[in-house]
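Numbering (the working numbering), first residue to last: 9 to 299.
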C-alpha cells in the first residue's frame, strides 16, 4: 500500500471536496441543457471556458452554473457531451443573455450514428496490455488535481509497433485508498490531436462507482470500441458524491520515461491538458490487434 510519508509529501494530491457557494450576480451564468429532439434534460455534460480552466458538469437535471467574471468578452464557452454535437458561445453573447433571463435553456442536437457494419472478426489476432499496469504493491499514488467537476487524469496508450488499429477488450486501474462511501467517475477515450487528447470517441458514457480500495477491471469487449492509432484513456470526476469530503488515491508508477505513453491531467471541463512528469497513474488497457 501507499506509504504514510508519500501521502504527506504529496498532500496536494489528496482529494478534499468542499461545497461551492455561487453568488447571485450578473457574472454567474446559469443554464439548462435540453435534448432538442426529445425535450429531455442532458445530464453530466461538460461545460467550460476554453483554455481558461474554468468549467463544470451539468447535474442529473441538466442544470449548471459557471462564473464568467474572469472571462474575456472574446473567450468562448464550449458545451460537449457524449452522443451530442458540441455547442460553442462567445462570452460576450452569454453576458447579454444573462441580463434577460434567469436560466438560459440550451438545446443540444443528438448525434445519429450509422449502424455498424457486420464485420467478420479475424482469427489471427493477439492481445496486448498497454499503459501502466500496477497494483497495491506500488509505493506511489496519484489523484485528481482539482475538486472541480470535470477534472480528469489519464494516460496515452501507445499501440504496439507497426499496429495501426486495435479493439479494446478491458480497462484496469487500482485504487490505493478511498474514504468515500461511493465516488462516481466516468471513463473517457479520446483520439489524439497533436499528441494531446482531442475528440471523445465513445458513443455512450461509461460510468464507474468506486466503493473501496482495490482493483477495478471494466469489461469493454461487448462495446465494439475500435481505435485507429494511439489514444488516451482517462477517468473524470463528473458528479458530486453524497459525502463531499474524503480521500481518493490511485496507485501509480514512478518513471521519468514515457515509452508506454505520456500522462496528462486537467483541472476542469474544457481546460488545458497538462503533462504529468513522474507519477504516471496506473491505468492500463487490454487491446486486440491483428498479428
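Beta carbons are placed, not taken as given, at the ideal position from N, Cα and C, and that holds for glycine.
Note that this is a predicted model, so its numbers are computed, not measured.
For the beta strand (DSSP E) containing residue i, name the first residue and the last one.
| i | result |
| --- | --- |
| residue 258 | 256-262 |
| residue 112 | 112-116 |
| residue 205 | 204-208 |
| residue 178 | 173-186 |
| residue 225 | 222-227 |
| residue 286 | Run containing residue 286: none; DSSP gives neither H nor E here. |
| residue 74 | 71-75 |
| residue 119 | Unbroken run through residue 119: none, as it is neither H nor E. |
| residue 167 | First-last for residue 167: undefined, no H or E at that position. |
| residue 292 | 292-298 |
| residue 271 | 271-274 |
Among the options, which has the Cα closest to the Cα of residue i?
| i | options | result |
| --- | --- | --- |
| residue 223 | 131, 69, 142 and 114 | 142 |
| residue 44 | 84, 150, 91 and 239 | 91 |
| residue 269 | 102, 70, 291 and 256 | 291 |
| residue 288 | 172, 100, 176 and 182 | 182 |
| residue 146 | 258, 272 and 194 | 258 |
| residue 195 | 203, 169, 87 and 227 | 227 |
| residue 70 | 76, 50 and 101 | 50 |
| residue 206 | 83, 169, 278 and 166 | 278 |
| residue 225 | 75, 82 and 137 | 137 |
| residue 133 | 261, 254, 72 and 168 | 168 |
According to DSSP, is residue i helix, strand or coil?
| i | result |
| --- | --- |
| residue 102 | helix |
| residue 23 | Per-residue confidence for residue 23 stands at a pLDDT of 39, beneath the threshold of 50, marking its modelled position as unreliable; no derived number is given. |
| residue 50 | coil |
| residue 60 | coil |
| residue 237 | coil |
| residue 152 | coil |
| residue 192 | strand |
| residue 158 | coil |
| residue 322 | Outside the displayed span of the chain (9 to 299) sits residue 322, for which this structure offers no information. |
| residue 96 | strand |
| residue 199 | strand |
| residue 31 | For residue 31, the pLDDT reaches just 35, beneath the cut-off of 50, and the residue's location in the model is therefore unreliable, although a value from the coordinates is still provided. Of the three classes helix, strand and coil, the one that applies to residue 31 here is coil, per DSSP. |
| residue 132 | coil |
| residue 90 | coil |
| residue 247 | coil |
| residue 301 | Because residue 301 is not part of the residues shown, which for the chain are 9 to 299, the question remains open. |
| residue 39 | strand |
Please decide whether residue i counts as near chain D, where near means a Cβ-Cβ distance under 9 angstroms.
| i | result |
| --- | --- |
| residue 43 | Given the protein chain composition of this structure (a single chain), no chain D is represented. |
Contact check, residue i vs residue j under 8 angstroms by CB: the rounded distance?
| i | j | result |
| --- | --- | --- |
| residue 116 | residue 41 | 6 angstroms |
| residue 99 | residue 79 | 5 angstroms |
| residue 88 | residue 162 | In fact, because the Cβ distance is near 16 angstroms, the residues do not count as touching under 8 angstroms. |
Does the structure place the region 105-114 close enough to the region 246-257 that three or more beta carbon pairs sit under 8 angstroms?
no
The region 156-172 touching the region 62-81, judged by at least three CB pairs closer than 8 angstroms:
yes
Does the region 229-237 come into contact with the region 265-279, if we say contact requires no fewer than three beta-carbon pairs (one atom in each stretch) closer than 8 angstroms?
no
The region 206-214 / the region 165-177 touching (three or more Cβ pairs under 8 angstroms)
no
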